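Participant: Here it is, the structure, as structure tokens.
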Amino acid sequence: MTNKSLFLKPDFIRTVSQNGVGRYITQLQRVVLKFCKNNGSSRGMRDFIESELVHFARENPGICVYLKPRRHRGPVIKAEYLNGDSQWVNCANFSNEEIIKWLNLLKSQQNDKTGIRYRKLWHTDTPSIQGPWTPYTFRDSNLNLVNFPDNALAQPFNVEETLTEQLAKALKK
6 MTNKSLFLKP DFIRTVSQNG VGRYITQLQR VVLKFCKNNG SSRGMRDFIE
56 SELVHFAREN PGICVYLKPR RHRGPVIKAE YLNGDSQWVN CANFSNEEII
106 KWLNLLKSQQ NDKTGIRYRK LWHTDTPSIQ GPWTPYTFRD SNLNLVNFPD
156 NALAQPFNVE ETLTEQLAKA LKK
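Next comes the structure, spelled out in structure tokens:
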């Protein structure tokens with residue numbers, strides 16, 4: 006275990022609680038649009054606020070939208086999700102359309118952190134590029150084309166009788 010991993014925030018795999026089974030619940034809870042009133046890199050954010058913000062807020066009543074003007078700082082979108090995680094997008098020199106695309110992306114994400122680092126008790130300088138082992142790693146690829154149940158696959162190792170049948174014969178003798 007390296008020293009760098011000792012100070013990581015423990016983040017374990019979370020399962021999505023069947024979102025979409027009954028109805029879809031947007032995981033995005035709050036959006037904070039931070040911008041400067043005078044800075045040139047905030048022009049796209051200001052255009053979005055003037056023209057599209059009301060339309061976005063009406064389409065998404067479950068998402069709270071906050072505006073936070075800041076002096077001499079670049080524009081930022083901060084998205085906060087139901088599980089408590091937050092995500093930041095730096096919007097310097099973005100156009101109105103790019104900000105709409107980013108908000109739609111943040112709205113549709115679950116924020117599962119698919120790229121999280123899993124905690125482990127070992128470390129290697131040359132990690133495997135083959136990926137982790139699964140029970141299906143060395144399975145025959147012809148099994149993908151078979152309709153089950155298949156009698157040809159009932160005896161996968163070409164054994165005439167099973168161990169249970171051999172024991173039954175031995176008991177009869």
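Throughout, my numbering is defined as the position within the sequence shown, counted from one, plus 5. Ideal Cβ positions, reconstructed from N, Cα and C, are used throughout, including at glycine. In this text, all values refer to a predicted model and were calculated from it rather than measured experimentally.
1. Taking the alpha carbon of Val36 as the reference point, which residue from Gln135, Leu126, Lys83 and Arg48 has its own alpha carbon closest?
2. If we count the other Cβ atoms within 10 Å of its Cβ and call it buried at 16 or more, is Thr20 buried or exposed?
3. Pull up the distance between the alpha-carbon of Lys178 and that of Glu170, whole angstroms please.
4. Between the C-alpha atoms of Ser47 and Phe153, what's the straight-line distance to the nearest angstrom?
5. Within this structure, are the beta carbons of Leu111 and Leu33 separated by less than 8 Å?
6. Drop a sphere of 10 angstroms on the beta-carbon of Leu72, count the other beta-carbons inside from all chains shown, and report buried for 16 or more, exposed for fewer.
7. How would you label Lys174, buried or exposed, when you count the other beta carbons within 10 angstroms and need 16 or more for buried?
8. Taking Phe53 and Ile134 to be in contact with their CB atoms under 8 Å, please state how far apart those CB atoms are, rounded to whole angstroms.
9. Looking at the strands, I want to know which residues DSSP matches up with Val94.
10. Compare the beta carbon distance of Asn43 and Gly79 with 8 Å and say whether it is the shorter of the two.
11. So, at 7 Å on beta carbons, what are the nonlocal neighbours of Glu57 in its own chain, with the 5 sequence-adjacent residues on each side left out?
12. Rounded to whole angstroms, what is the Cα-Cα separation between Pro132 and Leu126?
13. Figure out for me which residue from Arg28, Cys69, Arg75 and Gly49 has the closest Cα to the Cα of Cys41.
14. Report yes if the C-beta distance between Thr31 and Gly89 is below 8 Å; otherwise report no.
15. Quick check on Lys106: does DSSP put it in helix, strand or coil?
16. Between Val59 and Val70, what straight-line distance do the alpha-carbon atoms span, to the nearest angstrom?
17. Can you round the beta-carbon distance between Asn65 and Val81 to whole angstroms, since I take them to be within the 8 Å contact cut?
Facilitator: According to the data block:
1. Lys83
2. Low per-residue confidence applies at Thr20: pLDDT is 43, beneath 50, and the placement is therefore not dependable, though the value from the model is reported in the following sentence. The residue is exposed, with fewer than 16 neighbouring Cβ atoms inside 10 Å.
3. 13 Å
4. 60 Å
5. yes
6. exposed
7. exposed
8. Phe53 to Ile134, Cβ: 42 Å. No contact.
9. Ile82
10. no
11. Asn101 and Ile105
12. 14 Å
13. Arg75
14. no
15. In the structure shown, Lys106 sits in a helix (DSSP, three-state: H, G or I).
16. 10 Å
17. That pair is no contact at about 19 Å.
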